[in-house]
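So the protein lines, in turn, are chains A and B. Heads up, the first sequence is in this note's numbering, so the first residue is 1 and it goes up one at a time. Heads up, the second sequence is in this note's numbering, so the first residue is 1001 and it goes up one at a time. Every residue, glycine too, gets a C-beta built ideally from N, C-alpha and C.
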Amino acid sequence: MEFPIAGVFINPVILALTGFFVGLLGGFFGVGGGFIAGPLMFWAGVPINFVVGTDLAHMTGKSIVSARTHRALGHVDLRLALLMIIGTIPGVEIGAQVIEHLETRGNIDMVVGLSYVGILTVIGLFTAWESFQAMRVKRTDQLDAQEVVGIETLIHRSRLLRIPPMIRLPVSGVQEVSVWSIIFVGLATGILAGLLGVGGGFIRMPLMIYILGIPTHVAVGTDLFEIVISAGFGTISHALKGNVDVLIALTMQTGAVIGAQIGARATRYFSGPIIRMLFSVLPIAAAVLVLFKLLG
Amino acid sequence: MTQKPDTSLQKDPSFKPILRSIAFEIIIYIPLATIYTLVVLALAKDILVHIYSTYPTIYAIATLLAILTQGVLLEAFTSWIIRKIGLRA
């Protein structure tokens, strides 16, 4: 099938299957999946200048499907999501400014690449270790480990920062948390997203769990809601520059719609620690991919 | 500090129902998606290409609206069909 905007012929079945696979992962883990979709699109024949913008457009559509399914399951905390956006937007700008500064000093690829590998490896290993601890608690103490977090102390310490105003998050089951903690999580994710050029789902999701104490299922759903907004802005920005082929994005979305629904509903069949254990593979896989790219 | 919600009721130890439901959903969805891609995208192609080359701002807004609308409509349509044939509660 011809996609005249990007000026390429691509089998739409490959695009739909790519969408399905990324949708499945996104719905289950609450990530945009840009680090997987991008290389797959490039491999399918999408020109490199259209990959990022088209992926963002596809990510927006896929995430709204997953977010709606998660919302129906009660997994989206709108109050938390909206407060995080306050930090995310300036964070992305700060990250972009740091990139500009690094560009003027040269060797940006190595600095950003190594930061990326380091951050992803730490997140992946930490999440794997923590979820293993949580699953062990479940086995030994026969506790309901649906939302047991292996390192309660980190959440407890972050709650000691009782800087007003404090807020209640009933959807997440959090009685009192400082608004600044939420904005901080949004800001930190935004800086990393702006610096590394990613949506930030696989950074935001663990931060919500380990810093704010949000249950895994709600963190996944709320993260998807955030992605709809951040990827939506990115889509507009890239489309204005002519880097989005909406026909490719729409074709990918036909597969992503069913994948995202299946992924989101599948979270009901796994406990929080198991979702986190499976999730830990994603950042490590992404780190390995980036490392190969740097060494190559 | 944290009230952990009782989510134990959400868990279903049996994978059989969801696997059967997923298989049926995919079987129903593939022909629908194929028809949709061939008909709707073929119709919209010329208009979108024209907007892309002539009005970048309108193209940017149309891209976002198209992707959001398609996502919501396809999801609602698939869910409706699945509910109609009793595969999902």
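Would you verify that the beta carbon of A1023 (chain B) is, or is not, closer than 7 Å to some beta carbon of chain A?
Your numbering for residue 1023 (chain B) matches position 23 in the second sequence. Not one chain A Cβ lies under 7 Å of A1023 (chain B).
Which residue from A:F42, A:L192, A:W129 puts its Cα closest to that of G118 (chain A)?
To locate residue 118 (chain A), count along the first sequence from 1; it is residue 118. Here the closest residue by C-alpha is A:L192.
Which residues in the same chain have their Cβ closer than 8 Å to the Cβ of A1042 (chain B), if we skip the five residues on either side of it in sequence?
Here residue 1042 (chain B) refers to the residue found at position 42 when the second sequence is read from its first residue. Result list for A1042 (chain B): empty, nothing under 8 Å.
Between F50 (chain A) and G34 (chain A), what straight-line distance do the alpha-carbon atoms span, to the nearest angstrom?
For the purposes of this step, residue 50 (chain A) is taken as residue 50 along the first sequence, with counting starting at 1. For the purposes of this step, residue 34 (chain A) is taken as residue 34 along the first sequence, with counting starting at 1. Roughly 13 Å between the two C-alpha positions.
Considering S237 (chain A), what are the terminal residues of the alpha helix (DSSP H) in which it resides?
Along the first sequence, read from residue 1 onward, the residue named residue 237 (chain A) stands at position 237. 216–240 is the extent of the alpha helix (DSSP H) around S237 (chain A).
When you compare each of A:T216, A:L289, A:A249, A:G234 to A264 (chain A) by their alpha carbons, which one comes out closest?
If you number the first sequence from 1, residue 264 (chain A) lands on position 264. For the residues A:T216, A:L289, A:A249, A:G234, the minimum Cα distance to A264 (chain A) belongs to A:T216.
What does DSSP give as the partner residues of E2 (chain A) in its beta bridges?
Counting from one through the first sequence, the residue named residue 2 (chain A) turns up at place 2. Answer is A:F9.
Buried or exposed for D1046 (chain B), going by 16 or more other Cβ atoms inside 10 Å?
The residue labelled residue 1046 (chain B) in the question sits at position 46 within the second sequence. The residue in question, D1046 (chain B), is exposed, as its Cβ has fewer than 16 Cβ neighbours within 10 Å.
Best match in A:A188, A:F21, A:L80, A:G23 for proximity to G91 (chain A) [C-alpha to C-alpha]
For the purposes of this step, residue 91 (chain A) is taken as residue 91 along the first sequence, with counting starting at 1. For G91 (chain A), the nearest C-alpha among the options comes from A:A188.
Nearest chain B C-beta to G232 (chain A) closer than 7 Å, yes or no?
Along the first sequence, read from residue 1 onward, the residue named residue 232 (chain A) stands at position 232. Closer than 7 Å: yes.
Starting from the beta carbon of L1019 (chain B), find every residue of chain A whose beta carbon is closer than 8 Å, and list them in chain order.
If you number the second sequence from 1, residue 1019 (chain B) lands on position 19. Going along chain A, no residue has its Cβ under 8 Å from L1019 (chain B), so there is no contact; the nearest lies around 10 Å.
May I have the straight-line CA-CA distance separating V22 (chain A) from A256 (chain A), to the nearest angstrom?
Mapped onto the first sequence, residue 22 (chain A) falls at position 22. Mapped onto the first sequence, residue 256 (chain A) falls at position 256. Computed Cα separation, rounded: 7 Å.
How about K1084 (chain B): is its C-beta nearer than 7 Å to some C-beta of chain A?
Translated into the one-based positions of the second sequence, residue 1084 (chain B) becomes position 84. For K1084 (chain B), the answer is no, since every Cβ of chain A falls outside 7 Å of its Cβ.
Compare the Cα-Cα distances from A6 (chain A) to each of B:A1023, B:T1034, B:S1053, B:E1025 and report the closest residue.
Translated into positions along the first sequence, residue 6 (chain A) becomes position 6. If we check each option's Cα against that of A6 (chain A), B:S1053 comes out closest.
Take the Cβ of V244 (chain A) as the centre, count every other Cβ of all protein chains shown within 10 Å, and call the residue buried at 16 or more, exposed below.
As a working mapping, residue 244 (chain A) is identified with position 244 in the first sequence. Buried, by the Cβ-count rule.
Is there contact here, the stretch 206–226 of chain A with the stretch 47–61 of chain A, by at least three beta-carbon pairs under 8 Å?
No, the stretch 206–226 of chain A is not in contact with the stretch 47–61 of chain A.
For I5 (chain A), which residues in chain B fall below 8 Å Cβ to Cβ?
Indexing the first sequence from 1 puts residue 5 (chain A) at position 5. Going along chain B in sequence order, the residues near I5 (chain A) (Cβ under 8 Å) are L1048, V1049, Y1052.
Report yes if the C-beta distance between T235 (chain A) and L1064 (chain B) is below 7 Å; otherwise report no.
Start at 1 with the first residue of the first sequence, and residue 235 (chain A) comes out as number 235. Start at 1 with the first residue of the second sequence, and residue 1064 (chain B) comes out as number 64. Going by C-beta atoms, T235 (chain A) is nearer than 7 Å to L1064 (chain B).
Backbone secondary structure at S178 (chain A) - three-state DSSP
To locate residue 178 (chain A), count along the first sequence from 1; it is residue 178. DSSP places S178 (chain A) in strand when its eight states are reduced to three.
So if I threshold CB-CB distances at 8 Å, which residues from the stretch 1055–1080 of chain B count as touching chain A?
P1056, T1057, Y1059, A1060, I1061, A1062, T1063, L1064, A1066, I1067, L1068, Q1070, G1071, V1072, L1074, E1075, T1078, S1079
Using a C-beta cutoff of 7 Å, does G27 (chain A) count as contacting chain B?
For this step, residue 27 (chain A) is matched to residue 27 along the first sequence. No, no contact with chain B.
How about V258 (chain A) and Y1036 (chain B): do their beta carbons lie closer than 7 Å?
Taking the first residue of the first sequence as 1, we reach residue 258 (chain A) at position 258. Taking the first residue of the second sequence as 1, we reach residue 1036 (chain B) at position 36. The displayed chain sequence assigns Ile, not Val, to residue 258 (chain A). Result no, Cβ atoms of I258 (chain A) and Y1036 (chain B) do not sit closer than 7 Å.
I'd like to know if the stretch 66–73 of chain A and the stretch 164–172 of chain A are in contact, where contact means that at least 3 CB-CB pairs between them fall below 8 Å.
The count of Cβ pairs closer than 8 Å, one atom from the stretch 66–73 of chain A and one from the stretch 164–172 of chain A, stays below three, leaving the stretches out of contact.
What does a CB cutoff of less than 7 Å around V1039 (chain B) pick up in its chain, not counting 5 residues either side in sequence?
The residue labelled residue 1039 (chain B) in the question sits at position 39 within the second sequence. Result list for V1039 (chain B): empty, nothing under 7 Å.
The alpha helix (DSSP H) with R68 (chain A) in it runs from where to where?
Stepping through the first sequence from its first residue, residue 68 (chain A) is reached at position 68. 48–72 is the extent of the alpha helix (DSSP H) around R68 (chain A).
Closest Cβ-Cβ distance between P206 (chain A) and chain B: below 7 Å?
Within the first sequence, the letter at position 206 stands for residue 206 (chain A). By this cut-off, P206 (chain A) is not an interface position.
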